Amino acid sequence: MNDLSGSPVIAPVVINRADYRPPEWLVPEIALDFALSLDATRVLATLKVAKNPAGSGTALLRLNGDSIEAKAVTVDGHVHNDWHMDGTDLVIT
């Protein structure tokens, strides 16, 4: 089946209630600071993140970073070098 643009329509992934798992991480607070210019936009994102006690405790922190270029990662105010990009995701270990 195609939509009006001629692109194929991709069926959504079915997630059954029995397959639900609590998220590994909770993000109770997010602050975004935008620096806009004609050439580029720079965004400083500050997230307060905590492991979810209801999670399994095994997952890395994986943040979707579609169309971004990470410059640095800090944890508790200190530079954290144990991170990498996995496709479009920022993975912090």
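Counting with this note's numbering, you get residues 530 to 622 for the letters of the sequence shown.
The beta carbon of each residue, even a glycine, is placed where N, CA and C say it ideally should be.
If you're wondering where the values come from, they're calculated on a predicted model, not measured in any experiment.
- Leaving aside the five residues that flank Lys-580 on each side, the residues in its chain whose CB is nearer than 8 Å to its CB run, in chain order, Glu-553, Trp-554, Leu-555 and Gly-586.
- Shown here, Asp-548 sits in a helix according to DSSP, grouped into three states.
- Residue Val-578 holds the alpha-carbon nearest to the alpha-carbon of Pro-557 among Arg-571, Pro-541, Val-578 and Leu-573.
- The Cβ atoms of Val-572 and Arg-591 do not sit closer than 8 Å to each other.
- Between Ile-597 and Asp-605, the alpha-carbon positions lie close to 22 Å from each other.
- 8 Å or more divides the Cβ of Thr-570 from the Cβ of Ala-560.
- Nearest to Met-614 by alpha-carbon distance, out of His-607, Thr-603 and Asn-593, is Asn-593.
- Straight across, the Cα-Cα distance linking Pro-582 with Leu-567 is about 44 Å.
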